[in-house]
Every structure is written in structure tokens, then in C-alpha cells.
Amino acid sequence: MIYDAIQTMGINRCSRIEVKEHLKTCLALSGTQIPTNEIFEFCVNFVMETYYMFNLKELGAAFRLYAENKLDVENHITFTPKLIGEVMSAYKKIAVQVRNKIEPPEPKQIEIKIDEIGRAHVWTPVTDVSR
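Mapped onto the numbering used here, the consecutive letters of the sequence shown carry residue numbers 2 to 132.
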């Protein structure tokens, strides 16, 4: 779940509508009372300004873990920036561990040789010698 969430688009690249819709899912997962529109809009701004470095679906992953009681976060009555902050702080510890386990693929080595006429020839080493 976390690995898949990390692969999604960053909050800083999402529209306000996308963040708002995703935050509605977080609200449902939180089990808290529905805030006023004014507070909810404030929460959307808070997430976009504070958690722009996370990917969009990481919000949902964090609140899913919260709903499953897998994060060390106290229960809240209302959906507020304080709750979002506590959930994302607890989630960040887990996300960092997952990110550290993901190794970037090793770049392929490509050798370019230039013949005596000046034409470039690309040579890619063969790693499968069974052919």
C-alpha cells in the first residue's frame, strides 16, 4: 500500500480539486465529525502548503493506517490540521523506511565507439549469455 502510494504524483503537482477530493477520503477514514466547510477548506490549504513533498495517495495511505490503528496517534473528535499533522508525522517515519528500501534501478552501461570515418556505433553489453 505504501509503496504504491509513493509512486503517485506529488501533492505539489496536483490541483486543489484533486487534493480536496482525496482529503474527503481521509476524513472518512479518520472517523471524526465532519468539519464546517470553512475548516475543511483550511485543511486543504494546510495540506497543500505543509505536505507538498508527499505524494497524493500517501495521504490516504496514512489515514488508512490511522483507521487500522497502526499509527501512534490519539483519537480526535474533529478533523483538523492538528489531526492531519499528527497522522502525517507518524506516517512519515514509516514512509522513510519504505523509501530507503526502494533501490533505484542501475543505469544501463552504453558504450559508444567512433570508427575511422567518424560514425558513432552504440554497443550495449549483453548480460544474458544463454542465447
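Glycine included, each C-beta is placed from N, C-alpha and C at the ideal position.
Query, Result
"Check whether C15 and L60 have beta carbons under 8 Å apart", "no"
"C-alpha gap between Y67 and K102, whole angstroms", "22 Å"
"S31 and L72 closer than 8 Å at C-beta", "no"
"Distance CB(I40)-CB(T81) smaller than 8 Å", "yes"
"Range covered by the alpha helix (DSSP H) that runs through P82", "P82 to K102"
"First through last residue of the alpha helix (DSSP H) which encompasses K21", "R17 to S31"
"Sub-8 Å separation of I12 and Y53 beta-carbons", "yes"
"Sheet register partners of G11 (DSSP bridge)", "N56"
"Beta-carbon contacts of A29 that lie in its chain and below 8 Å, excluding the five residues immediately before and after", "none"
"Exposure of K58, with buried meaning 16 or more beta-carbon neighbours within 10 Å", "buried"
"Outcome for M89 when other beta-carbon atoms lying within 10 angstroms are tallied against a minimum of 16", "buried"
"Residues near R132 in its chain [Cβ-Cβ closer than 7 Å; skip 5 each side]", "The predicted model places R132 with a pLDDT of 47, which falls under 50 and marks its position as unreliable, so this point remains unresolved."
"Buried or exposed (CB count within 10 angstroms, at least 16 for buried), V97", "exposed"
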